[in-house]
């Protein structure tokens, strides 16, 4: 499961990214997305990320989290509960 974090200055660019990622999984914070994709769907995800036009100081980072790492995810405060995040607290 990839986690996607953006550092984007303009809301318009961030909105374009959110639109490109809407079919891949939930937005968990303003600049953080969780992609619920199978390995065979990664190229499609990469293609959508390649289409986002970034400003000179913008970046998008994609982090792959293995099954063992996902078991260690902790959320403090408000968050989105998912099957692979057993340690959710609201």
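Residue numbers (this note's numbering): 2 to 91. Built from N, CA and C at the ideal position, the CB exists for glycine as well. None of the values given here were measured: they were computed from a predicted structure.
Q: Excluding the 5 residues preceding and the 5 following residue 86 in the sequence, name in chain order all residues of the same chain whose CB lies nearer than 6 Å to its CB.
A: The predicted model places residue 86 with a pLDDT of 41, which falls under 50 and marks its position as unreliable, so this point remains unresolved.
Q. Given residue 60, which residues of its chain have a CB within under 6 Å of its CB, disregarding the five upstream and five downstream residues?
A. Within its own chain, the residues whose Cβ lies closer than 6 Å to the Cβ of residue 60, once the five positions on either side in sequence are excluded, are 8, listed in chain order.
Q | Separation of residue 38 from residue 46, as counted between CA atoms | A | Each residue's Cα considered, the two are about 8 Å apart.
(Q) Quick check on the DSSP output: the beta strand (DSSP E) that includes residue 30 runs from which residue to which? (A) Secondary structure note for residue 30: its beta strand (DSSP E) is the uninterrupted segment 28 to 30.
Q: Sort 58, 49, 69 and 65 by Cα distance to residue 24 and report the nearest one.
A: Comparing Cα-Cα distances from residue 24 to each of 58, 49, 69 and 65, the minimum goes to 49.
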